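*Asks:* Numbered by mature numbering (1 follows the signal peptide of the UniProt record, and there is no 0), the letters in the sequence shown go through residues -23 to -1, 1 to 127 in order. Heads up, the beta-carbon is just placed ideally off N, CA and C, and yes, glycines get one too. Note that this is a predicted model, so its numbers are computed, not measured.
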Amino acid sequence: MHRRLATGLAATALSVTTVFATAATAEAAPADKPQVLSSWTQTSASSYNAWAAARANQSAWSAYGFDWTTDYCSSSPDNPFGFPFSNSCARHDFGYRNYKAAGTFSANKARLDSAFYEDLKRVCGRYSGATKTACNSTAWTYYQAVRAFG
């Protein structure tokens, strides 16, 4: 009798634990996580700015469980020829890591790569003349690299 009661209590405890664990997981990943992720990975400057603001205040988004880690421009220079590409690379990493975790990377890769290129071109927009041309050429090279190998 004691064994049946203990087994029944253990099964009930396991069920209650499972319910609370499921609720905690749902709480850790709000239902609008895909929409927020999408809004931060578009090609527009406003999308980049929203992502940058969120990155600066990651704790406000902790319930979403986003992966904010980055290796910046991987094995390429983060600031080639002095062009500050590191934040563009960080956002690209953010998109890659989070869409891979969501299992929807292949459906979003082309847009992530395009957003990366637009971010790089916005960096290059700060320059003029030959410096801008060199920056744009470098941006194109980085974009082609992620399209092919990213």
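What is the DSSP secondary structure of T2, counted as helix, strand or coil?
*Replies:* With a pLDDT of only 41 at T2, under 50, the local geometry of the prediction cannot be trusted, and no value is derived from it.
*Asks:* DSSP state of F60, grouped into three classes?
*Replies:* Correct three-state label for F60: coil.
*Asks:* Can you tell me whether N113 is helix, strand or coil according to DSSP?
*Replies:* If DSSP states are grouped into helix, strand and coil, N113 belongs with the helices.
*Asks:* Could you tell me which uninterrupted alpha helix (DSSP H) segments, each at least 4 residues in length, are contained entirely in the segment 26 to 91, listed from first to last along the chain?
*Replies:* The segment 26 to 91 contains these whole alpha helix (DSSP H) runs: 63 to 79.
*Asks:* If the criterion is Cβ atoms closer than 8 Å, does the pair W38 and F71 meet it?
*Replies:* Going by C-beta atoms, W38 is not nearer than 8 Å to F71.
*Asks:* From A40 to P7, what does the alpha carbon distance come to, in whole angstroms?
*Replies:* About 7 Å.
*Asks:* Find the nearest neighbour of A84 within the set Y73, F93, Y94, judged by alpha-carbon distance.
*Replies:* Looking at the Cα atoms, Y73 is the closest of the given residues.
*Asks:* Between N113 and the rest of its own chain, which residues show a CB-CB distance below 7 Å, the 5 nearest in sequence each way excluded?
*Replies:* Closer than 7 Å at Cβ, skipping near neighbours: K98, C101.
*Asks:* With distance defined between alpha-carbon atoms, name the residue in K77, R103, Q19, F62 nearest to Y119.
*Replies:* Answer by Cα proximity: F62.
*Asks:* Once the 5 residues before and after residue 197 are set aside, which same chain residues still bring their CB inside 6 Å of it?
*Replies:* Because the chain in this structure spans residues -23 to 127, residue 197 falls outside the shown range and cannot be described.
*Asks:* Around the Cβ of F58, are there at least 16 other Cβ atoms within 10 angstroms (buried) or fewer (exposed)?
*Replies:* So F58 ends up on the exposed side.
*Asks:* Run the CB neighbour count on R68, radius 10 Å, all protein chains shown included, and call it buried at 16 or more, exposed below.
*Replies:* Buried, by the Cβ-count rule.
*Asks:* With burial defined as no fewer than 16 other Cβ atoms inside 10 Å of the residue's Cβ, what is the status of A30: buried or exposed?
*Replies:* A30 comes out exposed.
*Asks:* Comparing alpha-carbon positions, which option in T81, N56, S91, A33 lies nearest L14?
*Replies:* Among T81, N56, S91, A33, the Cα nearest to that of L14 is on T81.
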